[in-house]
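In the numbering used here, the protein residues as written are 12 to 164.
By construction, the Cβ of each residue, glycine as well, lies at the ideal position given by its N, Cα and C atoms.
First the structure, in the form of structure tokens, and then the observations on it.
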Amino acid sequence: MKSNKILNILIALIAVVGGILFIRIFMEDAEMLQTDGDLQNKVISPIIYFSTFLFYAAVGIAIVLSLWSMIRNPENLKKTLLGLAVLGVVLVLAYFFADSEAVLDTQGKVIPGGEAGTATNKWVGTGIWYSIALGLVASAFFVLDLVKGLIKS
């Protein structure tokens, strides 16, 4: 119960700070805010830094709590490592399927930075194949679950 109160106070504090920073933006003249770099830096930068800090804190807390949960339950650790290994194998397969050919525009000319053999082209292709593979697996499980639901009915 005590930790719930502390969490509520922390959430309220974050909301108040965010609200104050947000209100500061609306207190300034809109035209001046668009043209004056010093004013932008004075008013907008604090809310960006605050939001970035909250984002990194949320990611860090999520990672730490996930790791803590896995350490406390070794069975989950085995399942997680197996899942990561399978994702790694899919990534390696996607990398081998990806090509690193030149990227052409509609006129058939090579786009700047899209020359043949670049690492960027290879990793973009890998990302596309990886997404396709994971999408196919997800679709297969969706259809399987749908068929199981129809059979039970």
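Could you tell me which residues DSSP pairs with residue i in its beta bridges?
| i | result |
| --- | --- |
| residue 115 | 121 |
Look at the alpha carbon of residue i and the alpha carbon of residue j, and state the distance between them as a whole number of angstroms.
| i | j | result |
| --- | --- | --- |
| residue 140 | residue 106 | 8 Å |
| residue 76 | residue 95 | 18 Å |
| residue 72 | residue 16 | 19 Å |
| residue 155 | residue 84 | 29 Å |
| residue 126 | residue 90 | 41 Å |
| residue 108 | residue 26 | 47 Å |
| residue 48 | residue 118 | 40 Å |
| residue 129 | residue 103 | 18 Å |
| residue 70 | residue 23 | 20 Å |
| residue 137 | residue 101 | 10 Å |
| residue 67 | residue 163 | 45 Å |
| residue 145 | residue 135 | 15 Å |
| residue 143 | residue 149 | 10 Å |
| residue 233 | residue 147 | Residue numbering for the chain in the displayed model covers 12 to 164; residue 233 lies beyond these limits and cannot be assessed. |
| residue 113 | residue 122 | 8 Å |
| residue 44 | residue 14 | 41 Å |
| residue 30 | residue 52 | 18 Å |
| residue 87 | residue 79 | 11 Å |
| residue 55 | residue 21 | 23 Å |
Count the other CB atoms, across all protein chains shown, that sit within 10 Å of the CB of residue i; report buried if there are 16 or more and exposed otherwise.
| i | result |
| --- | --- |
| residue 19 | exposed |
| residue 63 | exposed |
| residue 132 | buried |
| residue 46 | exposed |
Please say whether residue j and residue i have beta carbons closer to each other than 8 Å?
| i | j | result |
| --- | --- | --- |
| residue 42 | residue 50 | no |
| residue 74 | residue 33 | no |
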